[in-house]
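Engineer: Counting with our numbering, you get residues 6 to 86 for the letters of the sequence shown. Think of the CB as a built atom: it goes at the ideal place given N, C-alpha and C, for glycine as much as any other residue.
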Amino acid sequence: MKGTLVGVNRRKGFIAIRTEEGELTVAELLGGYEVELEDEIRGDLNALGGETFYNITQDEELDVYVQGVQCSNRHARLLMG
């Protein structure tokens, strides 16, 4: 599944990804990755817990901990802090 990075909280290391279905996935980056808004991300965007996503735009694997899937805009903002 693919999505587009639509939110970044660099202080907390959290990202929000809008899936092709229009839903939001919120994940914590488990490393010092440099991500940018509009980066294309591929992975199991509907699975909670530890996952490895792939940043297509930057050609880099991302170790993440998914905090929320199929989130509303409001819930995603709360998780992002």
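Starting from asparagine 51 and walking both ways along the beta strand (DSSP E), at which residues does that stretch end?
Structural biologist: Note, asparagine 51: premise wrong, no beta strand (DSSP E); not H, not E.
Engineer: Report yes or no: do three or more beta-carbon pairs, one from the region 31-50 and one from the region 61-69, lie closer than 8 Å?
Structural biologist: Result yes; three or more Cβ-Cβ pairs closer than 8 Å.
Engineer: Can you look up arginine 79 in the DSSP assignment and give me helix, strand or coil?
Structural biologist: Looking at arginine 79 - three-state DSSP - the assignment turns out to be helix.
Engineer: Helix, strand or coil for leucine 42 per DSSP?
Structural biologist: In the structure shown, leucine 42 sits in coil (DSSP, three-state: anything other than H, G, I, E or B).
Engineer: Ordered along the chain, which non-local residues of its own chain (more than five positions away) have a Cβ less than 6 Å from that of glycine 55?
Structural biologist: The residues are Tyr70.
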